[in-house]
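Novice: In case it helps, full-length UniProt numbering puts the sequence shown at residues 1 to 522.
For each residue, glycine too, the CB sits at the ideal point set by N, CA and C.
Input: one structure, supplied below.
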Amino acid sequence: MEAAFISLLINKLAQVAFNQAQSRCSQILLQHTTPPLDQIHARVRRITDEFIVMKAFLEGSNWFTIAATNKPLEAWIEQVRKVAFEIEDIIDEYLYLVGRQRERTWKNCLMAPSDLCFNLAKAWRGIDSRLEKMEKDLSELSSRRDRFGITISGNEDGVKNSERDTHHYRAYSPMLNDEDDLVGIEVNKSKLLSWLTNADTCRKMTAIAVWGMGGHGKTTLVANVYRNNTVKSHFDCQVWVTVSQTYSVLEELLRIMIKEIFKGKEDLVPNGITTMQRLELFDIIKESLQLKRYIIVLDDVWHVDLCNHISRAFIDSNNGSRLIITTRMHEVARIASDEHIMKLQQLNEKDAWTLFCKKAFRRENNKDCPKELEDYIGRILNKCQGSPLAIVAIGSLLSFKEKSQTEWKKVYDNLQWEFENNPALDKVKSILNLSFNDLPYYLKNCFVYCSIFPEDYLINRKKLIRLWVAEGFVEAKSKNRSMEEEAEGYLAELVDRSMLQVVNRNAFGRLQTFKLHDVVRE
């Protein structure tokens with residue numbers, strides 16, 4: 001994470017260099033009362049050079065695990081972090097002052113010289129003094145690193161491998177078929193399809209519950225069935241609402257349901273639903289579903305009360321309508337009858353192995369595991385406890401590594417380190433934490449930025465790419481690629497590493513919307 005932050009800081013320092021050409025007004029007013037601006041810019045250039053070296057030292061390595069047994073390195077990294085944060089604050093203040101000066105014209109400066117000269121000059125002196133201290137601190141950090149022989153082994157190879165794999169990935173990732181990654185769902189899929197389409201034998205509106213631990217594939221299974229052509233042709237109306245743990249206002253959920261019911265027919269949505277009360281919203285839903293065979297999915301439900309309240313909106317026309325609830329909570333699942341409760345178990349050994357190989361060896365022609373790596377796969381899968389989310393995460397991580405015992409031993413040792421040093425995390429979350437730590441430095445800020453969106457929020461590709469570029473997270477690596485094209489590659493790699501879940505693709509397979517899995521967010 002430190003390398004990612006330093007990369008962002010270098011971008012800010014570059015802004016300082018870009019703004020060196022100050023207005024004539026600023027130069028004249030400040031030349032006698034502050035250190036020359038050239039002196040400040042020179043300090044910034046020297047600081048930038050130091051950070052470029054530190055970034056190269058940190059990026060692409062597994063320093064987060066090495067530091068656990070290398071106390072000098074751990075202490076040095078902590079000192080780098082503190083200095084970097086302090087310099088970021090100084091640079092933010094610098095850019096603010098530049099903006100203030102540019103807002104003033106030469107005439108303004110002459111009319112209000114005392115206010116401008118005194119306040120801005122004082123601020124510039126403060127910045128110069130703080131930068132001088134930071135420059136000394138950085139110089140001491142570099143000397144300390146050399147004096148105590150602080151090093152990180154394996155750094156160079158890590159950078160080369162990461163860059164090579166990323167380049168290979170960008171050529172094909174937009175056309176990935178997500179359905180190919182579904183393993184071990186056929187029995188449950190067949191049963192769920194039967195429950196949904198047996199309208200001749202069960203005409204009453206029926207509640208179905210799919211429950212299990214986080215990361216066991218509840219939403220994946222239900223979404224796969226929901227999109228099935230048989231289901232689409234069987235029901236007159238399909239509604240999917242993600243509830244999540246952050247649910248608080250029933251009326252808002254009802255409004256979302258109404259918008260889903262009228263999806264594609266937005267002009268028919270009743271006016272004023274944003275101010276309607278609960279009973280009015282109930283009536284609209286009932287009237288809209290009257291005589292229709294519908295399927296409604298409430299995904300990620302945490303509270304029984306929600307089911308009891310919202311069920312008042314559903315009308316039973318005795319035509320085989322269905323309600324599906326996905327939940328981690330057994331008490332929520334019990335709103336369905338026993339014969340319509342499906343508990344998802346962990347993957348069996350065979351399915352776990354198949355899913356892992358599909359992810360870890362996706363770049364290989366036959367996706368088979370080399371004999372010399374089978375022992376490591378067995379040990380890694382034992383840590384995953386049959387969780388599809390954990391298997392997909394660690395398999396995706398290993399798809400970026402060389403297929404050698406040496407490289408896979410490093411990953412296994414890092415995984416073992418996560419378990420031993422993060423006892424508060426369960427095994428699935430420890431694996432996800434390792435996946436985050438293994439991200440290249442340039443992806444970490446981009447990934448963390450995704451957490452600003454609400455839980456289960458559908459993130460738009462174009463919107464996120466532009467936000468990343470605006471925040472300065474994207475580095476221009478080629479004159480032939482725009483910043484947005486580079487950001488598109490970042491996004492594709494995060495998907496390939498299974499850090500982001502694809503929700504929708506267009507007809508050509510290009511990603512449109514995605515989200516953070518709720519377990520990843522936790």
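Ignore the nearest five residues each way along the sequence and tell me which others in TYR169's own chain have a CB closer than 7 angstroms to its CB.
Specialist: Locating residue 169 in the sequence shown gives position 169, counting from the first residue. Confidence in TYR169 is poor, its pLDDT being 27 and thus under 50, which makes the residue's placement too unreliable to answer from.
Novice: With hydrogens ignored, establish whether the beta-carbon of ILE310 is closer than 7 angstroms to any heavy atom of the ligand COA.
Specialist: Because no ligand of any kind appears in the structure shown, any question about the ligand COA cannot be addressed here.
Novice: Hey, ASP368 and TYR294 are a contact pair by Cβ (cut 8 angstroms); roughly how many whole angstroms apart?
Specialist: To locate residue 368, count along the sequence shown from 1; it is residue 368. To locate residue 294, count along the sequence shown from 1; it is residue 294. Actually they are not in contact, since the Cβ atoms of ASP368 and TYR294 sit about 45 angstroms apart, beyond 8 angstroms.
Novice: Looking at the strands, I want to know which residues DSSP matches up with LEU298.
Specialist: If you number the sequence shown from 1, residue 298 lands on position 298. Beta-bridge pairing links LEU298 to VAL241, ILE325.
Novice: ALA223 by DSSP, collapsed to three states: which one?
Specialist: Translated into positions along the sequence shown, residue 223 becomes position 223. It is helical.
Novice: In angstroms with no decimal places, state the Cα-to-Cα distance between GLY395 and ASN365.
Specialist: Within the sequence shown, numbered from 1, the residue matching residue 395 stands at position 395. Within the sequence shown, numbered from 1, the residue matching residue 365 stands at position 365. Looking at the two C-alpha atoms, the distance is approximately 16 angstroms.
Novice: Going by beta-carbon coordinates alone, are ARG255 and THR274 separated by less than 8 angstroms?
Specialist: Here residue 255 is taken as the residue at index 255 of the sequence shown, counted from 1. Here residue 274 is taken as the residue at index 274 of the sequence shown, counted from 1. Yes.
Novice: Judging by CA-CA distance, which residue of LEU250, PHE51, GLU475 is the nearest neighbour of ALA84?
Specialist: Taking the sequence shown and counting its residues from 1, one reaches residue 84 at position 84. The residue from LEU250, PHE51, GLU475 with its alpha-carbon nearest to that of ALA84 is PHE51.
Novice: Does the count of Cβ pairs from the region 513-521 and the region 447-460 closer than 8 angstroms reach three?
Specialist: With the rule of 3 Cβ pairs closer than 8 angstroms, the region 513-521 counts as touching the region 447-460.
Novice: Excluding the 5 residues preceding and the 5 following GLN290 in the sequence, name in chain order all residues of the same chain whose CB lies nearer than 8 angstroms to its CB.
Specialist: Numbered from its first residue, the sequence shown carries residue 290 at position 290. Around GLN290: ILE315, SER317.
Novice: Helix, strand or coil for ASP351 per DSSP?
Specialist: Taking the sequence shown and counting its residues from 1, one reaches residue 351 at position 351. Taken through DSSP and simplified to helix, strand or coil, ASP351 comes out as helix.
Novice: Inspect the beta-carbon positions of VAL428 and LEU389 and report whether they are closer than 8 angstroms.
Specialist: On the sequence shown, position 428 is the one that residue 428 refers to. On the sequence shown, position 389 is the one that residue 389 refers to. Yes, these two residues count as a Cβ contact at 8 angstroms.
Novice: Answer yes or no: do GLY378 and GLN346 have a C-beta to C-beta separation smaller than 8 angstroms?
Specialist: For the purposes of this step, residue 378 is taken as residue 378 along the sequence shown, with counting starting at 1. For the purposes of this step, residue 346 is taken as residue 346 along the sequence shown, with counting starting at 1. It is not a contact, given that the beta carbons lie outside the stated cut-off.
Novice: Relative to the alpha-carbon of GLU280, which residue among GLU251, ASP299, LYS292 has its alpha-carbon at the smallest distance?
Specialist: Mapped onto the sequence shown, residue 280 falls at position 280. Here the closest residue by C-alpha is GLU251.
Novice: Among residues of its own chain, excluding the 5 on either side of LEU214, which ones have a beta-carbon nearer than 7 angstroms to its beta-carbon?
Specialist: Taking the first residue of the sequence shown as position 1, residue 214 is located at position 214. Note that residue 214 is Gly in the sequence shown, not Leu. Cβ neighbours of GLY214 within its own chain (closer than 7 angstroms, five residues either side excluded): ARG328, ASP518, VAL519.
Novice: If you follow the alpha helix (DSSP H) that LYS259 is part of, which residue opens it and which one closes it?
Specialist: On the sequence shown, residue 259 is found 259 positions in, with the first residue counted as 1. Annotation for LYS259: the continuous alpha helix (DSSP H) segment containing it runs 250-261.
Novice: If we count the other Cβ atoms within 10 Å of its Cβ and call it buried at 16 or more, is ALA470 buried or exposed?
Specialist: Counted from its first residue, the sequence shown places residue 470 at position 470. By the 10 Å Cβ count, ALA470 comes out exposed.
Novice: Give the list of continuous alpha helix (DSSP H) stretches no shorter than 4 residues that lie fully inside the region 358-428.
Specialist: 374-384, 388-398, 405-421
Novice: With distances taken Cα to Cα, identify the nearest neighbour of SER129 among ILE87, ARG144, ARG145.
Specialist: Residue 129 sits at position 129 when you count from the first residue of the sequence shown. Nearest to SER129 by C-alpha distance, out of ILE87, ARG144, ARG145, is ILE87.
Novice: Can the beta-carbon of LEU131 be found less than 8 angstroms from the beta-carbon of VAL249?
Specialist: Stepping through the sequence shown from its first residue, residue 131 is reached at position 131. Stepping through the sequence shown from its first residue, residue 249 is reached at position 249. Result no, Cβ atoms of LEU131 and VAL249 do not sit closer than 8 angstroms.
Novice: I need the straight-line Cα distance from GLU74 to ASP300, nearest angstrom please.
Specialist: Locating residue 74 in the sequence shown gives position 74, where the first residue counts as 1. Locating residue 300 in the sequence shown gives position 300, where the first residue counts as 1. Cα to Cα, the separation comes out at about 40 angstroms.
Novice: Does LEU434 come within less than 8 angstroms of chain B when only Cβ atoms are used?
Specialist: Of the chains in the structure shown, none is chain B; there is only one protein chain.
Novice: If I measure Cβ to Cβ from LEU97 and keep anything under 8 angstroms in the same chain, skipping five residues before and after, which residues do I get?
Specialist: Position 97 of the sequence shown, counted from the start, is the residue given in the question as residue 97. Around LEU97: LEU120, ALA123, TRP124, ILE127.
Novice: Closest to LEU298 by CA distance: which of ARG322, GLU287, ARG278, LYS286 is it?
Specialist: Numbered from 1 along the sequence shown, position 298 holds the residue referred to as residue 298. Residue ARG322 is the option with its Cα nearest to LEU298.
Novice: Apply the 10 Å Cβ neighbour rule to ARG461 and answer buried if 16 or more other Cβ atoms are within range, or exposed otherwise.
Specialist: By 1-based counting over the sequence shown, the position of residue 461 is 461. Buried: at least 16 other Cβ atoms inside 10 Å.
Novice: Using a Cβ-Cβ cut-off of 7 angstroms (strictly less than) and excluding sequence neighbours within five positions of ARG203, which residues of its own chain qualify?
Specialist: Counting from 1 along the sequence shown, the entry for residue 203 is found at position 203. Result list for ARG203: ASN318, ASN319, GLY320, in chain order.
Novice: Apply the 10 Å Cβ neighbour rule to GLN501 and answer buried if 16 or more other Cβ atoms are within range, or exposed otherwise.
Specialist: Position 501 of the sequence shown, counted from the first residue, corresponds to residue 501. GLN501 sits buried, since 16 or more C-beta atoms from the chains shown fall within 10 Å of its C-beta.
Novice: Whole angstroms are fine: how far does the CA of CYS307 sit from the CA of ALA333?
Specialist: What you label residue 333 is simply residue 333 of the sequence shown in a count that begins at 1. What you label residue 307 is simply residue 307 of the sequence shown in a count that begins at 1. Straight-line Cα distance between these residues: approximately 10 angstroms.
Novice: Sort VAL392, TYR442, LYS403 by Cα distance to GLU432 and report the nearest one.
Specialist: For this step, residue 432 is matched to residue 432 along the sequence shown. In the sequence on display, residue 432 carries Leu and not Glu. Looking at the Cα atoms, VAL392 is the closest of the given residues.
Novice: Rounded to a whole number of angstroms, what is the C-alpha to C-alpha distance between residue 530 and TRP211?
Specialist: Lying before the first or after the last residue shown, residue 530 is absent from the chain, which here runs from 1 to 522.
Novice: Is SER435 buried or exposed, if buried means 16 or more other CB atoms sit within 10 Å of its CB?
Specialist: Against the sequence shown, residue 435 aligns to sequence position 435. Classification of SER435: buried, given that the 10 Å Cβ count is 16 or more.
Novice: Could you round the C-beta distance between VAL183 and LEU398 to whole angstroms and report it? I think they count as a contact, below 8 angstroms.
Specialist: Walking along the sequence shown from the start, residue 183 turns up at place 183. Walking along the sequence shown from the start, residue 398 turns up at place 398. In fact, because the Cβ distance is near 16 angstroms, the residues do not count as touching under 8 angstroms.
Novice: Would you give the residue range spanned by the beta strand (DSSP E) that MET342 belongs to?
Specialist: Working through the sequence shown from its first residue, we reach residue 342 at position 342. For MET342, the enclosing beta strand (DSSP E) begins and ends at 341-343.
Novice: Compute the Euclidean distance between the alpha carbons of TRP195 and ASP338, then round it to the nearest angstrom.
Specialist: Locating residue 195 in the sequence shown gives position 195, where the first residue counts as 1. Locating residue 338 in the sequence shown gives position 338, where the first residue counts as 1. Each residue's Cα considered, the two are about 13 angstroms apart.
Novice: Can you give me the start and stop residues for the beta strand (DSSP E) that residue 526 sits inside?
Specialist: Beyond the ends of the chain as shown, which are 1 and 522, falls residue 526; an answer cannot be given.
Novice: When the Cα atoms are used, what is the spatial distance from ILE47 to LEU464?
Specialist: On the sequence shown, position 47 is the one that residue 47 refers to. On the sequence shown, position 464 is the one that residue 464 refers to. Approximately 31 angstroms, taken between the alpha carbons.
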